[in-house]
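First up is the structure itself, then whatever we jot down about it.
Residue numbers (our numbering): -19 to 100.
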């Protein structure tokens, strides 16, 4: 059974890039969200195996959304994505329970490696 993944990014282009990498590698994209608030709703609705979450988004940022998702499911597997190499945000995300961190622009092998590691 393929693993269901929820893609969260405010940029449609970035969602498309991740979706392309995932589908080519046999993962099922269960849904997409363009901000943190949508991500939390979609998580409740879809119960995905894993979430890729952008950090910087309107409405609700990725770290806040990560914390909300972890309230729903403490075992939620979330991989953070960000264009900015901001160490503080990476540390915040990991402390909030993120499993890993991938940097934009995405490198397919790094994305797959992070997902395989998170899913165990």
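Note that the Cβ used here is the ideal one computed from N, Cα and C, for glycine as well.
So what's residue i in DSSP terms, helix, strand or just coil?
i: residue 16; result: helix
i: residue 32; result: strand
i: residue 37; result: coil
i: residue 89; result: helix
i: residue 10; result: strand
i: residue 103; result: What the structure shows of the chain is the stretch from -19 to 100, and residue 103 is not part of that stretch, so it cannot be assessed.
i: residue 57; result: coil
i: residue 22; result: helix
i: residue 47; result: helix
i: residue -16; result: strand
For residue i, I'd like the list of residues in its chain whose CB is within less than 7 angstroms of its CB, leaving aside the five on either flank, ordered along the chain.
i: residue 10; result: -16, -15, -14, 26 and 28
i: residue 3; result: 9
i: residue 86; result: -3, -2 and 1
To which residues of the same chain is residue i closer than 6 angstroms at the C-beta, ignoring the five residues directly before and after it?
i: residue -2; result: -13 and 32
i: residue 62; result: 35
i: residue 5; result: 92
i: residue 48; result: 20
Beta-carbon of residue i versus every beta-carbon of chain D: anything under 7 angstroms?
i: residue -18; result: The displayed structure is made up of one protein chain only, and chain D is not part of it.
According to the Cβ coordinates, are residue i and residue j closer than 7 angstroms?
i: residue 43; j: residue 72; result: yes
i: residue 57; j: residue 98; result: yes
i: residue 101; j: residue 37; result: The structure shown has nothing for residue 101, since the chain only spans -19 to 100.
i: residue 46; j: residue 68; result: no
i: residue 127; j: residue 1; result: Nothing in the structure corresponds to residue 127, since the chain is present only between -19 and 100.
i: residue -18; j: residue 7; result: yes
For residue i, collect the residues of the same chain with a Cβ closer than 8 angstroms to its Cβ; drop the 5 residues on either side in sequence, then sort them by chain order.
i: residue 41; result: 16 and 35
i: residue 84; result: -6, 61, 62 and 63
i: residue -8; result: 14
Mind the definition here: the segment 77 to 87 touches the segment 5 to 23 only if three or more C-beta pairs lie below 8 angstroms; say whether that holds. no
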